[in-house]
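Residue numbers (UniProt numbering): 1 to 112.
Ideal Cβ positions, reconstructed from N, Cα and C, are used throughout, including at glycine.
On a predicted model such as this, the values are computed, not experimentally measured, just so you know.
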């Protein structure tokens, strides 16, 4: 197993819309193709909100297969583009998405 840790730092003004977008657009498509969400959390800081999600995959290769399917799902891409346009375009979102990072971590607990 591997785990993908995806982290965002966002302006609080985008929080409600982004959480709705995640729950109604991003999450259903990821689940459709086999990604497993462990959880998604947020922490409010002074001028920003940190949001992070942990996803579980059988292997890195499985992650790549799922991401390829997501990126080729035309209906999904259309919904994402509509969300971008609702917020003035993808470039405009750079004003409210301060940082986006992801990395992969491995489980160190022995599961017998």
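If you follow the beta strand (DSSP E) that residue 43 is part of, which residue opens it and which one closes it?
Looking at the DSSP string, the run of the beta strand (DSSP E) that includes residue 43 is 36-44.
Going straight from the alpha carbon of residue 26 to that of residue 67, what length do you get?
One C-alpha to the other measures close to 12 Å.
Among 102, 80, 103 and 24, whose alpha-carbon lies nearest the alpha-carbon of residue 93?
Checked all of 102, 80, 103 and 24; the closest Cα to residue 93 is 80.
What whole-angstrom Cβ distance do residue 10 and residue 97 have, given they're in contact under 8 Å?
Rounded, the Cβ-Cβ distance is 5 Å, consistent with contact.
Going by DSSP, what residue range makes up the beta strand (DSSP E) through residue 109?
Where residue 109 is concerned, there is no enclosing beta strand (DSSP E), given that its DSSP letter is neither H nor E.
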